[in-house]
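Quick note on numbering: the sequence shown equals residues 1051 to 1369 in our numbering. Even for Gly, the Cβ is constructed at its ideal location relative to N, Cα and C. Below is one structure; the comments refer to it alone.
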Amino acid sequence: MRALDAVCIGEAMGQLVPLGGQSVETATDFQLRVAGAEANVAIGLAQLGHRVSWVSRVGDDALGRRLLLELHGAGVATDDVAVDSGRRTGLFVKVPDRESSTVVYYREGSAASAIDVSDIDRVFALGSRIIHLSGVTPALSPSCLAATENALSRPRPQRNLLSFDVNYRAALWPGREKAAETLLRLAQQADVVFVGFDEAEELWGAATPAACRELLSQVPHLVVKDGSRAAIEYAGSRSVTVPALSVPVLEPVGAGDAFASGWLHGWLGGHDAMRRLRLGHLMAGRALTSLADHSATPIDVTGLHLRAENGWASPPSAL
């Protein structure tokens, strides 16, 4: 059997979205979707042809079974997900907006908030080339923080990559100062870090993308996503900047996860920084033109690579 390319660990939840642009207060029709930063990355990598596993905990309930079915249907292995009969699967309501969607979480005490070091043991036992996690998980509970710290501090083989997306969610933290200290400490231990410039500015007061690099100078690969302008990859003393795509934005949530899946796909394929960033932009563009956190449209991987090599000749929806 082909070796596992990536393992993503973190919470996935049910997501309720009102249809037809209606408000939650007046909507009569809602769509139930699967959402979660690390699950989004896993789905993106699976769509790109990789063998991917998602590790987490879900409740022994209909929503947990729905998550497992959808992830399995998207090509993501869920064999190492623990089912917790004493806790519920998390849920949140999203009101889409072109600029900034509003979300309300119902995740306190969820099954995934009980993630602990034993889950990290399962992750490392799988022997994948990439382990991906994000700053959402350490905000969920003390055991989740301990698990994240354990994952980032473990020795790993030279060919493996530990990937960390800062993914700052203010609503999950007791305060900005605690989030800033914790997320910086965790990010400094990763092999590749994804961070939005807006996040770095809010958390750490970074005035420029270069200031982010000063804060995370020892990270082998630092990717700073500067919104609709560009993405910059720093490696050692070098940096590569690739402008972002201009796309009609339906809803921004999930674009950062899609970008990470594109970049990681490029790393798995041995591509250079410019190609990795272009692949990230192309995947993000697909997410920006979809109301879902991840696009269900099949990917023409050959077309994706041709566009990454030659430029932006057609809209992301063509992929």
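Taking the Cβ atoms as the reference, R1219 lies roughly 6 Å from V1186, within the contact range of under 8 Å. In terms of Cα proximity to E1283, the closest of A1201, A1230 and F1247 is F1247. Contact between the segment 1173-1188 and the segment 1089-1108 is present, with at least three C-beta pairs closer than 8 Å. With respect to A1124, D1169 sits apart: the two C-beta atoms are not nearer than 9 Å.
When Cβ pairs closer than 8 Å are counted between the two stretches, the segment 1151-1168 is seen to touch the segment 1188-1199, the count reaching three or more. Per DSSP, A1220 lies in no alpha helix (DSSP H) and is assigned neither H nor E.
Between the C-alpha atoms of A1260 and L1236 there is a straight-line separation of about 19 Å. Between the segment 1313-1324 and the segment 1285-1296, the count of Cβ pairs shorter than 8 Å is three or higher; the stretches touch. Put simply, of R1263, L1265, T1258 and V1145 the residue whose alpha carbon is nearest the alpha carbon of G1277 is T1258.
Distance from V1243 to L1272 at the Cβ level is roughly 5 Å; contact confirmed, criterion being Cβ atoms closer than 8 Å. Nearest neighbour of L1117 by Cα position, chosen from Q1065, F1309 and W1223, turns out to be Q1065. Taking each of R1083, V1067 and L1082 in turn and checking the Cα distance to T1076, the smallest one comes out for V1067. Cβ neighbours of R1157 within its own chain (closer than 8 Å, five residues either side excluded): E1061, M1063, G1140, L1141, F1142, S1163 and L1190.
Residue range V1167 to A1175 is occupied by the alpha helix (DSSP H) that includes D1171. For a cut-off of 8 Å, the C-beta gap from L1183 to F1214 is around 6 Å, short enough to register as a contact. With 16 or more other CB atoms across the displayed protein chains lying within 10 angstroms of its CB, Q1097 is buried.
For W1104, the beta-bridge partners assigned by DSSP are C1058.
Secondary structure at P1068: strand, using DSSP grouped into helix, strand and coil. If you ignore the 5 residues before and after T1198, its C-beta comes within less than 7 Å of the C-beta of L1183, T1187, P1188 and L1236, all in its own chain and listed in chain order.
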